[in-house]
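Residue numbers (my numbering): 1077 to 1426.
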Ligand code: KG4
Ligand code: ZN
């Protein structure tokens, strides 16, 4: 079974083809055209700029992805071993960006005579973990999804059986990284830059004389499974304002900020996994690229006797391989799928 995945929810135009051989899912070809350099000068994603770029890039990206898989884009409907479906990110995301992917997918599906499948972008991030290694995941699983737009704890009892058990009440974890970076005059997106500077601070072994920067761990002891990151952003703003020499200590601020976010995510994810009697903890979303978070969760899950699965670095940020993989599982489920979907910027997970 072969599924073409399409992703245009934010600032990457991507296509990929997933091949399901029955017991493993392999990516046959994939392409990501990133607009990040274009948006960096504005300090964030500009929706109109993103929308125009998707329109320009979508067909060349799909065309090349098909060719790399040995398919002839001009002769698709008559090919054997062609495609069984087209899966597309239908939301959440930027409306004008999503629309390009969704309408292109529907038009190609109609011409090629295959079904178009609407995939929730967050569910796509979760399925980045099923590429090449679905056998490592035992249900029930608990998923920590951390991206620029979302911070969710999701109970996953099986394919298509998702239930949100905790979420952020304000900013997402990735958004908090980006905003904190902005306060320190660092470039967009801030997450990877903060992580790199935090690592530099630790490797210089300055930890011995640390202790001057302290940030809160919001909601770490609350009984629920929710998060709040806007207070952390305010805390770093005040700390910087009160510190005349903050510019000399940026690496230390980055380290403390990363520690605060990682600690809260770790504590709540483990608590949620225990409450759901999960057998596997799954990490997903753009912030899953964070090494400190990956290390902290692998140590904590080992101590709990939980299996831990995280996406390959390559699949942590937005890509279409995860959408194609989610499409394979959706196609295999017996339930009928909607054919008349449209892009939905607020598409819910359940
Ligand atoms: O999933 P994603 O690519 O896009 C959304 O759907 O939001 O996530 C992007 C987010 C950004 O906020 C970025 O700063 C964050 O993921 N991010 C990181 C790291 N790499 C990306 N945050 C912390 N550490 C990283 N290494
Ligand atoms: Zn994403």
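Idealized CB from N, CA, C, for every residue including glycine.
CB-CB under 6 Å to residue 1293, same chain, minus the five flanking residues each way: which ones, in chain order?
-> Leaving aside the five residues that flank residue 1293 on each side, the residues in its chain whose CB is nearer than 6 Å to its CB run, in chain order, 1336, 1339 and 1340.
Through-space distance from residue 1107 to residue 1396, alpha-carbon basis | Approximately 8 Å between the Cα atoms of the pair.
What three-state label does DSSP hand residue 1373 in the structure shown?
-> Three-state result, residue 1373: helix.
Does the distance from the CB of residue 1199 to the CB of residue 1238 come in under 8 Å?
-> Residue 1238 sits close to residue 1199, with the two beta carbons spaced by under 8 Å.
Please list, following the chain, all residues that have a C-beta closer than 5 Å to any non-hydrogen atom of the ligand KG4.
-> Near the ligand KG4, residues with a Cβ at less than 5 Å from any of the ligand's heavy atoms are 1223, 1224, 1225, 1250, 1253, 1254, 1265, 1267, 1268, 1271, 1361, 1362, 1363, 1365, 1366, 1393 and 1394; the list follows chain order.
Per DSSP, what kind of secondary structure is residue 1096 in: helix, strand or coil?
-> Residue state, collapsed to three classes: strand.
Cα-Cα separation between residue 1206 and residue 1399, rounded to whole angstroms = Residue 1206 and residue 1399 have their alpha carbons spaced roughly 11 Å apart.
Please classify residue 1380: does DSSP put it in a helix, a strand, or coil?
-> Three-state result, residue 1380: helix.
Using only the heavy atoms of the ligand ZN, determine whether one of them is closer than 7 Å to the beta carbon of residue 1201.
-> The ligand ZN has a heavy atom closer than 7 Å to the beta-carbon of residue 1201.
So what does residue 1262 bridge to, in DSSP terms?
-> Beta-bridge pairing links residue 1262 to no other residue.
Using the rule of at least 16 other Cβ atoms within 10 Å of the residue's Cβ for burial, across every protein chain shown, is residue 1112 buried or exposed?
-> Per the 10 Å Cβ criterion, exposed.
Residue burial classification, residue 1290 (beta-carbon count within 10 angstroms, cutoff 16) = An exposed status is given to residue 1290, since fewer than 16 other beta-carbon atoms sit within 10 Å of its beta-carbon.
Consider the C-beta atom of residue 1390 and the heavy atoms of the ligand ZN; say whether any pair is separated by less than 7 Å.
-> False, no ligand heavy atom lies under 7 Å from that Cβ.
Would you report the Cα separation of residue 1081 and residue 1163, rounded to the nearest angstrom?
-> Near 5 Å, if we compare the C-alpha coordinates of residue 1163 and residue 1081.
Cβ-heavy atom distance, residue 1290 to the ligand ZN, below 7 Å = Answer for residue 1290: no, Cβ out of range of the ligand ZN.
Is the closest heavy atom of the ligand ZN to the C-beta of residue 1331 under 7 Å?
-> Not so, every heavy atom of the ligand ZN lies at least 7 Å from the Cβ.
Say the cut is 7 Å; is the CB of residue 1115 nearer than that to a heavy atom of the ligand ZN?
-> Taking non-hydrogen atoms of the ligand ZN into account, the C-beta of residue 1115 is found less than 7 Å away from none of them.
First and last residue of the uninterrupted alpha helix (DSSP H) at residue 1351 = Going by DSSP, residue 1351 is part of the alpha helix (DSSP H) stretching over 1326-1351.
Cβ pair count under 8 Å reaching 3, the region 1344-1356 against the region 1306-1322 | Segments in contact, no.
For the ligand ZN, any of its heavy atoms closer than 7 Å to the Cβ of residue 1130?
-> No.
Taking residue 1408 as part of the beta strand (DSSP E), name the residues at either end of that continuous run.
-> Segment 1397-1408 is the alpha helix (DSSP H) holding residue 1408; no beta strand (DSSP E) there.
Identify which residue in 1236, 1201, 1197 and 1223 has its Cα closest to the Cα of residue 1216.
-> Residue 1216 has its Cα closest to that of 1236, out of 1236, 1201, 1197 and 1223.
Please indicate yes or no: does the CB of residue 1197 lie closer than 7 Å to some heavy atom of the ligand ZN?
-> True, at least one ligand heavy atom lies under 7 Å from that Cβ.
Quick check: the region 1298-1317 against the region 1252-1262, are there 3 or more CB pairs under 8 Å?
-> The answer is yes - the region 1252-1262 touches the region 1298-1317, with three or more Cβ pairs under 8 Å.
Does the ligand MG have even one heavy atom less than 7 Å from the beta-carbon of residue 1165?
-> The ligand MG is not part of the structure shown, which contains the ligand KG4 and the ligand ZN as its ligands.
Distance CB(residue 1193)-CB(residue 1421) smaller than 8 Å | Taking 8 Å as the Cβ cut-off, residue 1193 and residue 1421 do not qualify as a contacting pair.
Supposed close pair residue 1269, residue 1263 - CB separation, criterion 8 Å = That pair is a contact at about 6 Å.
Does the distance from the CB of residue 1241 to the CB of residue 1230 come in under 8 Å?
-> Yes, they are a contact pair.
For residue 1203, does the count of other Cβ atoms within 10 angstroms reach 16, so buried, or fall short, so exposed?
-> With 16 or more other Cβ atoms inside 10 Å of its own Cβ, residue 1203 counts as buried.
Along the chain, where does the beta strand (DSSP E) that runs through residue 1101 open and close?
-> 1101-1110 is the extent of the beta strand (DSSP E) around residue 1101.
From the DSSP output, in three-state form, read off residue 1422 for me.
-> Coil at residue 1422, not helix or strand.
Whole angstroms is fine: what's the gap from residue 1302's alpha carbon to residue 1248's?
-> Near 11 Å, if we compare the C-alpha coordinates of residue 1248 and residue 1302.
If you draw a straight line from the alpha carbon of residue 1368 to that of residue 1308, how long is it in whole angstroms?
-> Taking the straight line joining both Cα atoms gives about 18 Å.
Where do the N-terminal and C-terminal ends of the alpha helix (DSSP H) with residue 1121 fall, by residue?
-> Note, residue 1121: premise wrong, no alpha helix (DSSP H); not H, not E.
Can you check whether the CB of residue 1214 is closer than 8 Å to the CB of residue 1356?
-> Residue 1214 is positioned such that its CB atom lies closer than 8 Å to that of residue 1356.
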